[in-house]
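Protein chains in written order, with the numbering used here: chain A, 22 to 502; chain B, 22 to 502. We treat Cβ as the ideally placed atom computed from N, Cα and C, and that holds for glycine.
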């Protein structure tokens with residue numbers, strides 16, 4: 022069987038797919054395997070695998086947002102609407118949502134892209150967030166999370182029919198999804214370095230330099246910015262955002278703003294500004310000219326509903342015809358009903374006095390306080406260690422420290438055909454059970470090495486994890502020096 | 022603003038997208054518009070729009086499967102597990118599912134493609150369906166409904182790097198999604214005619230003829246078969262399936278079986294056989310050679326959960342490496358948690374004596390009896406009308422009658438730049454409020470015209486709809502003769 026040449030095989034399949042890497046997938050597969058080995062009684066130097074590679078709040082034990090889940094359960098099984106197990110505000114919100122579902126069911130095809138009813142709520146949410154700057158429901162697309170939106174919008178923007186391929190600019194570090202989407206669409210990845218010396222800020226000179234160099238071999242048309250930064254934890258200053266917008270205007274780049282961590286800002290003084298708001302406050306010269314796409318998701322923020330798959334994308338100054346085609350595409354990939362309902366449940370804020378208000382605020386505070394505590398812990402413990410440097414973390418859910426890797430380890434990694442930081446992560450996992458992601462998967466300046474560590478464990482647990490990482494790194498440096 | 026050339030516009034965007042048609046989308050948009058006109062008090066010759074264009078059971082008033090929704094609500098809000106509002110079997114099934122969710126939450130990233138736990142249940146479901154023929158959990162991919170699986174698998178199979186483009190064979194009529202997927206991937210649509218004279222059976226001579234002709238200009242590698250047929254309602258005989266499998270083996274075609282209506286078979290004597298079962302019963306000569314992909318979905322069947330978006334795809338004889346890439350891709354597009362839970366709830370059958378058994382069976386019977394009644398009504402009423410012919414309907418949820426369109430109407434349609442059957446559907450809608458889909462969107466033999474009509478209204482309502490269609494058609498023929 023194995024020798025018989027199949028019809029659909031690696032040679033005959035879509036070759037663009039062969040370039041997809043999905044570094045998270047292979048790490049998670051190793052995690053599952055390792056957990057199985059532990060369950061089978063295979064001896065390890067640790068008791069359990071510590072998952073520091075994902076931004077999955079609920080996996081890490083954060084309870085889901087009670088109000089959201091109540092509304093989702095009520096919409097899924099409306100027979101519960103008369104149950105006294107639910108507070109009045111959850112029942113009222115569920116009733117409002119059910120009224121607007123096709124024939125009252127999350128199980129009908131709910132054509133959010135045609136009837137715009139959910140879009141209206143998203144638009145109001147955005148207007149509230151942005152201090153009243155108008156948002157048009159027809160410029161919004163509800164999607165199964167940010168990932169689906171990123172895949173669809175970037176695919177839409179790629180046109181390789183001319184002499185030059187489409188270039189898509191991504192920060193370094195970026196999220197691996199961007200690199201894979203670019204590969205899948207056979208576009209060109211144009212990297213610009215974030216400024217590690219200045220807390221991972223965006224340096225527009227770096228963008229401009231990369232852009233001009235790239236124009237010799239491709240046609241860069243999209244500038245992707247992740248704010249708050251993943252994996253960096255940097256939150257862009259308003260000045261920096263204005264600079265980016267001016268550059269997008271001058272260079273005619275579509276600005277693709279990945280703003281999924283907009284509610285995860287916790288450092289004193291750090292404030293999230295949406296690109297939409299800054300754009301409009303810069304006046305019509307920019308707000309009528311710059312094409313902006315912004316994505317948001319319920320996977321992050323304060324709900325952390327990674328598994329429910331819901332989010333939205335807002336378009337500014339994108340031709341309705343172009344957008345219309347995205348709608349057509351999405352009419353085949355309708356967003357899932359319960360995910361949409363879950364997102365809707367939080368689009369209008371609970372008010373003081375509402376039965377669910379205090380619980381909601383307490384859940385929110387716990388998460389943001391823990392993130393803030395964990396960020397400080399990571400900075401303190403990592404920066405005390407020789408050979409590790411961690412920038413201040415202002416938002417999102419990760420630390421992205423730089424780690425020293427000795428030359429002997431670099432040579433060993435090269436011999437094994439793996440990246441030096443991937444080797445470090447591999448050895449760390451086998452020795453301590455701690456899973457980090459290597460900087461090579463996110464991108465980094467040549468000759469530097471990083472790891473991404475998620476900050477969503479309970480602070481006490483994170484402290485011990487950080488200490489183990491630091492101790493392992495010291496042993497690692499010693500062993501390979 | 023309108024005159025300013027945008028960065029991302031119709032000329033610069035992905036040109037493959039421009040070819041996507043989505044005929045359902047435009048009809049649904051017109052439906053929404055029309056309903057709004059009625060709400061605004063604009064006078065119409067009818068009171069309400071009759072949606073006969075969708076296979077959306079819940080939109081048409083079928084209640085969702087109680088057991089499924091109970092399990093889904095319990096998994097979404099597990100605080101309800103101690104509530105006496107739920108039968109014991111629903112609570113037990115929810116507990117079993119929750120135990121296996123990552124940290125017990127539908128809101129975690131549940132990596133069905135890595136841990137295979139849902140896949141194991143799907144595999145057991147398939148084995149039970151196919152009388153024990155083994156199903157490997159590692160050959161299964163859980164997806165957000167069949168649509169997502171069709172899009173992903175066909176994209177995977179397209180490789181236009183050689184001198185000939187990949188050809189994908191589709192029956193005529195087909196589902197529009199196939200045509201659009203082929204366009205999006207810049208593959209070649211190779212049509213083979215179903216045999217309308219013989220109840221829309223598959224005629225392998227037609228396939229072979231199309232295949233040989235197509236090989237002159239493309240490389241046909243995938244043969245798509247929809248069974249039970251959408252829009253035809255034909256259920257393939259076992260003999261016919263064997264012929265198709267032999268042809269796939271001889272001609273080295275990957276057999277792509279769209280089996281989403283496998284539980285919607287209602288005509289006396291009609292039996293659904295899965296392609297997998299027939300393939301394996303034909304012996305190793307075929308079962309070890311033919312590459313088969315089969316999709317299934319909870320949108321149809323007896324649950325009709327279109328909005329929850331869940332389904333699966335099973336691969337037979339597809340290289341694990343190829344399949345591995347699909348897994349990588351899908352690790353970015355994880356199936357939504359509640360959809361998966363909903364699917365899981367029905368993978369193991371309820372047993373007589375279980376508290377939910379009777380309700381479940383009653384819900385199932387109501388649906389299948391109504392479909393059977395409606396199919397007979399459609400055959401009787403349509404076949405009595407001059408100029409309309411409807412084949413026997415054995416399964417799925419639609420009638421696809423052939424309608425006579427007089428020459429004058431054909432000329433008028435040509436003048437208006439629309440297809441003659443699309444003109445008919447348009448006039449019917451404006452006059453009666455009944456929405457049908459035109460045969461042009463599904464494909465039909467040259468010079469023939471059809472409409473697709475869904476059979477999911479309550480029988481009494483469908484009867485009156487059918488009569489209106491027949492009367493309108495008579496007037497239409499008279500007017501244009």
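Nearest to residue i (by Cα), restricted to the options the options
{"i": "residue 201 of chain B", "options": "B/148, B/121, B/39", "result": "B/39"}
{"i": "residue 444 of chain A", "options": "A/330, A/253, A/426", "result": "A/426"}
{"i": "residue 122 of chain A", "options": "A/101, A/361, A/415", "result": "A/361"}
{"i": "residue 395 of chain A", "options": "A/54, A/481, A/386", "result": "A/481"}
{"i": "residue 159 of chain B", "options": "B/334, B/390, B/376", "result": "B/334"}
{"i": "residue 257 of chain A", "options": "A/340, A/215, A/240", "result": "A/215"}
{"i": "residue 113 of chain B", "options": "B/234, B/376, B/195", "result": "B/376"}
{"i": "residue 252 of chain B", "options": "B/498, B/478, B/473", "result": "B/473"}
{"i": "residue 387 of chain B", "options": "B/183, B/413, B/324, B/437", "result": "B/324"}
{"i": "residue 237 of chain B", "options": "B/186, B/266, B/267, B/261", "result": "B/186"}
{"i": "residue 224 of chain A", "options": "A/268, A/461, A/184, A/181", "result": "A/268"}
{"i": "residue 459 of chain A", "options": "A/273, A/305, A/453, A/447", "result": "A/447"}
{"i": "residue 390 of chain B", "options": "B/440, B/327, B/476, B/413", "result": "B/476"}
Cβ shell of residue i (< 6 Å), same chain only, five flanking positions each side left out
{"i": "residue 277 of chain A", "result": "243, 245, 314"}
{"i": "residue 45 of chain B", "result": "none"}
{"i": "residue 429 of chain A", "result": "501"}
{"i": "residue 108 of chain A", "result": "376, 377"}
Assigned secondary structure, residue i (DSSP; H/G/I helix, E/B strand, else coil)
{"i": "residue 328 of chain A", "result": "helix"}
{"i": "residue 465 of chain A", "result": "coil"}
{"i": "residue 361 of chain B", "result": "helix"}
{"i": "residue 374 of chain B", "result": "coil"}
{"i": "residue 24 of chain B", "result": "The predicted position of residue 24 of chain B is uncertain, since its pLDDT is 34 and thus under 50; no value can be drawn from it."}
{"i": "residue 531 of chain B", "result": "This structure does not reach residue 531 of chain B, given that chain B is present from 22 up to 502, and the question cannot be answered."}
{"i": "residue 116 of chain A", "result": "helix"}
{"i": "residue 32 of chain B", "result": "coil"}
{"i": "residue 236 of chain B", "result": "coil"}
{"i": "residue 480 of chain B", "result": "helix"}
{"i": "residue 139 of chain B", "result": "helix"}
{"i": "residue 247 of chain A", "result": "strand"}
{"i": "residue 356 of chain B", "result": "coil"}
{"i": "residue 155 of chain B", "result": "coil"}
{"i": "residue 341 of chain B", "result": "helix"}
{"i": "residue 241 of chain B", "result": "strand"}
{"i": "residue 170 of chain A", "result": "helix"}
{"i": "residue 368 of chain B", "result": "coil"}
{"i": "residue 346 of chain A", "result": "helix"}
{"i": "residue 41 of chain B", "result": "coil"}
{"i": "residue 379 of chain A", "result": "helix"}
{"i": "residue 440 of chain A", "result": "coil"}
Beta-bridge pairing of residue i - partner residues as DSSP gives them
{"i": "residue 317 of chain A", "result": "A/333"}
{"i": "residue 210 of chain B", "result": "B/189"}
{"i": "residue 410 of chain A", "result": "A/423"}
{"i": "residue 459 of chain B", "result": "B/472"}
{"i": "residue 164 of chain A", "result": "A/332"}
{"i": "residue 216 of chain A", "result": "A/222"}
{"i": "residue 416 of chain A", "result": "A/286"}
Own chain partners of residue i with C-beta closer than 8 Å, once the 5 adjacent residues on each side are dropped
{"i": "residue 142 of chain B", "result": "365, 368, 369"}
{"i": "residue 402 of chain A", "result": "484, 487, 488, 491"}
{"i": "residue 359 of chain A", "result": "93, 96, 97, 127, 329"}
{"i": "residue 352 of chain B", "result": "132, 134, 135"}
Neighbourhood of residue i by C-beta, 7 Å cutoff - its chain only, sequence neighbours within 5 removed
{"i": "residue 263 of chain A", "result": "299, 303"}
{"i": "residue 455 of chain A", "result": "71, 73, 449, 486, 489, 490"}
{"i": "residue 494 of chain B", "result": "406, 408, 409, 424"}
{"i": "residue 210 of chain B", "result": "189, 191, 200, 203"}
Threshold first: 3 residues or longer. Then list the beta strand (DSSP E) segments lying entirely within the region 258-316 of chain A, N to C. 275-279
Length-filtered (4 minimum) alpha helix (DSSP H) runs lying within the region 44-130 of chain A: Qualifying alpha helix (DSSP H) stretches, in chain order: 44-60, 87-97, 109-121.
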